[in-house]
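Per this note's numbering, the very first residue in the sequence shown carries number 1; after that it's consecutive. Idealized CB from N, CA, C, for every residue including glycine. Note that this is a predicted model, so its numbers are computed, not measured.
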Amino acid sequence: MQALNNYLLGFQLYLSSFVFLYISFYHWIPTQMKMSFSKMNNSNISSYTKTNGIDLIDDLLMEIFTKLPVKSIYRCRCVSRSWRRLADRCIAVGLPLVFCAMFYRSGPRDIDLEPRYGCNCNGSFQETDFSYLPFYHNSNIIDWNNSLLLFYRRISFDFYVCNPTTKKWAALPKPRGESQHSILAFDAYESPYYKVVCFSSGCQAQVGQLEVFSSETDQWVEHSLNWGVNSSHLTSWMHYFDGVIYVLAYPRHVACIDLEKMCSSVIEFPDDIDNVASLGNSGGFLHCAINDANELRIWVLKGIEWMLKNIVSVSDILEWKGDCIYTSPLASLVQGQFKFLAFHPKEDVVFLWVMGNLMSYDLCKKIFDFVCELGTEKEKILVNQIWLFL
């Protein structure tokens, strides 16, 4: 009987916490999250406060957070600045990190089929259903940033922003020009508004055209910038971090576009970007991964200087022995059996795709770990990108 009473008490605490969060989040949405989803009935967020939005002291809200599942605590970080601060306090006291990722896969043989997506949760690969989106069948995910997805329909040049957690989406007005490359800029901790930046075609010499959409104004604004490098040298390897878009440029440069000041500067890059490159942020710093036929090199930007952080032998990756993987020889790299995917945003960990399996590598401990197998079609799956939801 005592065990039953304890169970009921625990269930009541969990239920009350869930109901409380649901009610408070419901009342918070109309003023804080009108980010043009599903036209969101609006195209921006009308207000944004630094309070927790409810008449409860932080200690009580903190107590409620501690009763929630770990994954729910991470989701609460996206609600507001104060909720993120409180959730981080919960995480700081020793809660485990939760890994959940979304993959975009499109093999060469599947180019004419509708796009397919999947997510990794609790160590298993599962299909993700986006059928609730009316544009799902003829559009692709081209970028992700802090819980928002950017879709693009090439035929009609339409952009859409979607929150897969709330299943809300927004159709953006058409930009004036044709987009060559596009990127989503959003940081809920710094601002409630997101931006979509399009690099337009027709750039000349070192001067290029940008179109920037802001959910705050619901409008596109054109800008002319001097990249500092020849426009034809800019690559599609770009990443938004801390208010700046970083773009790799040939032969060894990084163009830094400040979206607040709308100006560009150039930083020299010490490695050859003719090889496969990937930009990302981890631990509060910008990182770049370069992989060739021999090794994977990890660079970190400290101030305006790049520092070599780690070197991983490709042969070590392909010959790593685990419960589910044994891969060799080195030639499998040429056949597309190895690919760098992403940086862990908090820890010194990178994620790799090896022969249909997702692996993590701890840069400090020099340890490989098996994350999950990407379904029964793993040998046919080509993972083009990975987005981490933490």
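{"Query": "Cβ-Cβ distance between residue 249 and residue 229 below 7 Å", "Result": "yes"}
{"Query": "Beta-carbon spacing of residue 280, residue 342 below 7 Å", "Result": "yes"}
{"Query": "Between the CA atoms of residue 64 and residue 153 - distance to the nearest angstrom", "Result": "42 Å"}
{"Query": "Buried or exposed by the 16-neighbour rule on C-beta atoms within 10 Å, applied to residue 372", "Result": "buried"}
{"Query": "Exposure label - residue 139; buried when at least 16 CB within 10 Å", "Result": "buried"}
{"Query": "N-terminal and C-terminal residue of the beta strand (DSSP E) that residue 235 is part of", "Result": "234-241"}
{"Query": "Boundaries (first-last residue) of the beta strand (DSSP E) holding residue 208", "Result": "207-214"}
{"Query": "Proximity winner among 284, 266, 310, relative to residue 225 (alpha-carbon distances)", "Result": "266"}
{"Query": "Check whether residue 290 and residue 297 have beta carbons under 7 Å apart", "Result": "yes"}
{"Query": "DSSP three-state assignment for residue 350, whether helix, strand or coil", "Result": "strand"}
{"Query": "Alpha helix (DSSP H) segments (min. 4 residues) lying fully within the stretch 272-321", "Result": "314-318"}
{"Query": "Top-ranked residue by Cα proximity to residue 216, from 195, 200, 236", "Result": "195"}
{"Query": "Between the CA atoms of residue 159 and residue 174 - distance to the nearest angstrom", "Result": "7 Å"}
{"Query": "Integer-rounded CB distance, given that residue 292 should sit under 8 Å from residue 275", "Result": "4 Å"}
{"Query": "Neighbourhood of residue 271 by C-beta, 6 Å cutoff - its chain only, sequence neighbours within 5 removed", "Result": "290"}
{"Query": "Span of the beta strand (DSSP E), counted from its first residue to its last, around residue 182", "Result": "179-185"}
{"Query": "Euclidean distance between Cα positions of residue 190 and residue 212", "Result": "18 Å"}
{"Query": "Residue 142 - DSSP class collapsed to helix/strand/coil", "Result": "strand"}
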